[in-house]
Amino acid sequence: MLTKLALAGVKNRRRDYLVLLAGLTMSAAIFYMFANLATNQAFIKANAVVQSASIVFGFGAVLLALITVVYIMYANSFLLSMRQHDYGLFMMLGAKRKRVGELVFLETLILGTVATVVGILLGILASKFLVGFLLDRLGLHLSHLVSFYLPAVLFTAVLYVGLFILASLFNLMRLMRTTVQNLLHADQQANQPKVRPVRQFIAGLLGLALVAVGYWAMAAIEQLKLTAIPLALVTITLGTYLIFHATVLAVIRGLRRTKWARKHLNGFLLGQLNFRVHDYTRMLTIVSLLFAMALGAITVGSGYHRQMPLVADSLGDYSVAIHNPNAQQKHWMGQLDLAHQATYTQKVVGQTTYYNAAELKRTPYQQQKYSNKTNATPKFYTESLAKFKKSGSQSMNFIVLNPNKLGDFKAPKIVSAAAFARLNGKTYTVTTLRVKHLANDLETLGKLSKSEQRRFPAPHDGSLVVGTYESYQMMNGVFGGLEFIGYFLGIAFLAMLASCLMFKILSGAPGDLRRYAMLNKIGVRRSLMRGGLAKEIGILFAIPGIMGIVDVLFGLQMFKPLMSAPMSPYLGIGTTFAIFIGLYVIYYLITLGLYLNLVMPSETLQD
Amino acid sequence: MTNAVVDVHNLEKTYGKAGERPYTALKGLNFSVAEGEFVGIMGASGSGKTTLLNMLSTLDTPTNGDVIVNGHDVTKMRGNQLADFRAQEVGFIFQDFNLLESLTAEENIGLPLALKGTASRVMDQAIHQVAETLSITDLLKKYPAQLSGGQKQRVAAARAIVHQPAILMGDEPTGALDSTSARELLDLLTTINQEQQMSVLLVTHDPFSASFCQRILFIKDGQIGSELRRDDQDRRTFYQQILTELGTFSE
Ligand SMILES: Nc1ncnc2c1ncn2[C@@H]1O[C@H](COP(=O)(O)OP(=O)(O)O)[C@@H](O)[C@H]1O
Ligand SMILES: [Mg+2]
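Order-wise, the sequence lines are chains A and B. Under full-length UniProt numbering, think of the first position of the first sequence as 1, with each following residue one higher. Under full-length UniProt numbering, think of the first position of the second sequence as 1, with each following residue one higher.
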């Protein structure tokens, strides 16, 4: 009988359950996808790109797990807020506490298990399509990427079901401890937080100081090394909490005394916020951090990738080097916007490549001058022959010009024209080409590089990259991988933070349902109510959003050493921010839509 | 009758969505309330009292008939007009108080004025005046959670009359109160009615509450079954008369 009643209760709130289930399913799916990437040994081993980023993956997985815990906590409180009235009613009607307790436990667990199973299935599907798609877009071809990986499935299942068992136990305890009266009227109790100005002032100052330490730690990552990250994480979390705790409430209190507060629904809005922000401080802190991490991950990831062309021209002495160019290759060369071109004759005797000094004197080999000035356009210089013999000719850029691509080689030698003529060996010519801007000639360079690799393949132990074009391609792969992780984590964080916020806000719906019904009765226009709700929820979204943006702006300092000039973690962040904020706003609108649906009284009493 | 604040003609209300069995709660109701009158509406539980009050206060729309409140044809109003009508023309006291727990008593009382955009100083004056009338001046800074039922209902009454509505309506306002608080509230309603000449329409199933009214209408089977006038009787006598009426009424 009680089971039947409980099922009827669930049925009545189909929509809320759907929201909850959808959120949990999505979270499990995201977690599975990430776990699959992070734990799949075959995949990690097979891809150098991933290997180098494995720390990032590991760090991401830990963060994701932590956030999942928090996420499930909020989802659970949403569930409880929906159900406690029903549970209270059952008990009032004489159901045994124990029996109701079993019901609570089962309900939470069933919901969690369903979400986990569906989530993992969805994750497997998404791994197959979404991850492949993302990688493709970034021009990465990673081998051994399977969508179904048993350890990842188990890992996800154990974590989620484990967390749900905890959540069920928590709900059970809550229920056993709370009186029936409190269960029935939980959403009607107003806890008016006490204000202690001195304490709050101190807390605010302390918060500011902590956040400052966190920001400093991120900027000083070169001195602090890896300790910077946990230090920043702890201080910023605590600091943000204290700042919210101290200021938001004080600001609301201050506003409440103004004349503005006495117009239309403003007073009600402030009352609502006052009533909630305290309760929300912890969540707003977490959300602001999530926001920062999501935005940070995407900004850094895409920043690397986007800024590659900036460094592309400073990667070496020439863009491509072509041996014995044929007609087709010559045709392609003609299409390049060249800054410099030189052709040298090579004779290969045994393991040594010989060059003709006369040729090198006529067209000296141009080398790049390395500088660490920001945004400097790369400069090139030449050396006298004597000097070149000692230094320039021994540089990697020059060495890999041999047709063998470093496979089985000895240092190249430069000999006089007469000696060169006397040498008995296979003769080649090599043409080095440097374009003005690599980014502008990528296509033609690609064709040239491919045909060169086909005609003069590098042996197994040879050099992988010859010329800036190939370096560019390789770095593109690595940074593309970083970008992928950035996007992946960013989207995952964003999705979770938004649904955390959504659950927390939606948990307040039953209480607001009554409040807005009251407002409707005393004659508040519907447009005014809608506007009020939009403002209230908007503020709850805006506070962590603003804090998150500030965190990111400071946090990007951390990547300065990694993205040295002419790259900069701050370059072109405007677009990334705009897209991200756009997504956030969409989440806000969805939440608002759901909320309006939940709490706006119908035009007439009959619905 | 001259200067009717409320005029109801042939009011009909049928509940039930398409596909459900319709239920007619009000079947052609007629009555009016004169300006300054204190009228009670009595009837058994489920007789349609709340339904009637919802029609009067535009919270719900009638299936048929006319409702005119303070010269406005309520049935012809739409959207914002409805909300504005509720905000300006009627004051409402509910059984469950309907106070916003996130606002202080003062803010709750000021809400109808804030909605109208009243200047802050005028608002303060009005709030303090009404608070004095209802002796709740010392409760103004408190939140509803810190008030007793009787105090809450007095705050609700203050909110209902602070903007000088044409009529004050109450749906079983004493329903959730103990007898002392109930009596205090009814005395207050009488005072408001007499001193401010505000029309009061009180819906109740409780004969004691009804005995404070000047005239009582009895609803039965969705219509006004009978009517009692207090005239010059004292309250006790009137109370007895109501009890007698109820006895015959229910047979
Ligand atoms: N929204 C509704 N939908 C269907 N029936 C309703 C609705 N509201 C009230 N009723 C029915 O109309 C009748 C009158 O109800 P109500 O006006 O609340 O009575 P009272 O307030 O006198 O106790 C009852 O039989 C009730 O079941
Ligand atoms: Mg009723």
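Yeah, the Cβ is synthetic: ideal placement off N, Cα and C, and Gly gets one too. Fair warning: this is a prediction, and the values are worked out from it, not measured in the lab.
Contacts around residue i, its chain only, beta-carbon distance under 8 Å, and the 5 residues preceding and following it disregarded
i, result
"Thr61(B)", "Met55 and Thr75"
"Thr352(A)", "Phe409, Lys410, Ala411, Pro412 and Lys413"
"Gln329(A)", "Ile322, Leu448, Ser451 and Glu452"
"Gly209(A)", "Reading off the sequence, residue 209(A) comes out as Ala, not Gly. Around Ala209(A): Gly239."
"Phe38(B)", "Leu189, Thr190, Asn193, Ser199, Val200, Leu202, Phe212, Cys213, Gln214 and Arg215"
Neighbourhood of residue i by C-beta distance below 6 Å, restricted to the same chain and skipping five residues each side
i, result
"Val552(A)", "Ala292, Leu295 and Gly296"
"Phe380(A)", "Gln366 and Gln368"
"Gln335(A)", "Thr444"
"Val248(A)", "Val277"
"Pro364(A)", "Thr382"
"Gly91(B)", "Ala160, Ile161, Pro165 and Leu168"
Residue i at chain A interface by Cβ criterion, 9 Å
i, result
"Ser47(B)", "no"
"Ser120(B)", "yes"
"Arg86(B)", "yes"
"Met123(B)", "yes"
"Gly117(B)", "yes"
"Arg159(B)", "yes"
"Gly19(B)", "no"
"Gly225(B)", "no"
"Leu29(B)", "no"
Residues near residue i in its chain [Cβ-Cβ closer than 7 Å; skip 5 each side]
i, result
"Gly43(B)", "Lys49, His205, Phe218, Ile219 and Lys220"
"Val524(A)", "Leu265"
"Val287(A)", "Leu497, Cys500, Leu501 and Pro544"
"Ser100(B)", "Position check: residue 100(B) holds Leu in this sequence, whereas Ser was assumed. Cβ neighbours of Leu100(B) beyond the five flanking positions: Asn108."
"Leu64(A)", "Phe31, Phe34 and Ala492"
"residue 612(A)", "Nothing can be reported for residue 612(A), as the shown portion of chain A is limited to 1 through 607."
"Val466(A)", "Ala321, Val400 and Lys405"
"Lys128(A)", "Ser147"
is_contact[residue i, chain B] using C-beta, thresh 9 Å
i, result
"residue 609(A)", "Residue 609(A) falls outside the range modelled here, since chain A spans only 1 to 607, and no answer is possible."
"Gln272(A)", "yes"
"Arg262(A)", "yes"
"residue 615(A)", "With chain A represented from 1 up to 607, any question about residue 615(A) goes unanswered, as that position is not in the structure."
"Met293(A)", "no"
"Tyr518(A)", "The question names Tyr, but residue 518(A) in the sequence shown is Met. So, interface residue."
"Leu265(A)", "yes"
"Ile522(A)", "yes"
"Lys259(A)", "yes"
"Arg199(A)", "no"
"Phe31(A)", "no"
"Arg253(A)", "no"
"Arg97(A)", "no"
"Leu605(A)", "Reliability fails at Leu605(A), whose pLDDT of 48 lies under 50, so the model's placement of it is uncertain and no value is given."
"Arg196(A)", "no"
"Arg515(A)", "yes"
"Phe577(A)", "no"
Residue i: CB within 8 Å of a non-hydrogen atom of ligand 2
i, result
"Thr50(B)", "yes"
"Val203(B)", "yes"
"Asp171(B)", "yes"
Closer than 8 Å: residue i CB and nearest ligand 1 heavy atom
i, result
"Ala18(B)", "no"
"Ala44(B)", "yes"
"Ala83(B)", "no"
"Tyr23(B)", "yes"
"Ile224(B)", "no"
"Ile219(B)", "yes"
"Ser47(B)", "yes"
"Asp15(B)", "Here the sequence assigns Tyr to residue 15(B), which means Asp is not the residue at that position. At least one heavy atom of ligand 1 is nearer than 8 Å to the Cβ of Tyr15(B), so yes."
Inset, instruction - Below 9 Å between beta carbons is the criterion; list the residues of the segment 145-156 of chain B that meet it against any residue of chain A, in chain order. - result: Cβ contacts with chain A: Ala145 and Gln146.
Inset, instruction - May I ask you to list, following chain order, the residues of the segment 102-114 of chain B that have a beta carbon less than 7 Å from some beta carbon of chain A? - result: The segment 102-114 of chain B vs chain A, Cβ under 7 Å: Ser102, Leu103, Glu107, Gly110, Leu111, Pro112 and Ala114.
Legend entry - Entirely enclosed alpha helix (DSSP H) segments - the segment 386-437 of chain A, minimum 4 residues: For the segment 386-437 of chain A, whole alpha helix (DSSP H) runs of length 4 or above, ordered along the chain, are 396-399 and 417-422.
Legend entry - Contiguous beta strand (DSSP E) assignments of at least 3 residues, all confined to the segment 222-297 of chain A: Entirely contained in the segment 222-297 of chain A, not one beta strand (DSSP E) run reaches 3 residues.
Legend entry - Whole runs of the beta strand (DSSP E) within the UniProt domain "ABC3 transporter permease C-terminal" (59-179) of chain A, excluding any shorter than 3 residues: Counting only runs of 3 or more, we get nothing.
Legend entry - Contiguous alpha helix (DSSP H) assignments of at least 4 residues, all confined to the segment 23-62 of chain B: With a minimum length of 4 residues, the continuous alpha helix (DSSP H) runs that stay inside the segment 23-62 of chain B are 49-56.
Legend entry - Interfacial residues, the segment 31-64 of chain B to chain A, with Cβ spacing under 7 Å: Contacts with chain A (Cβ-Cβ distance below 7 Å) from the segment 31-64 of chain B involve Asn54, Leu59, Asp60 and Thr61, listed in chain order.
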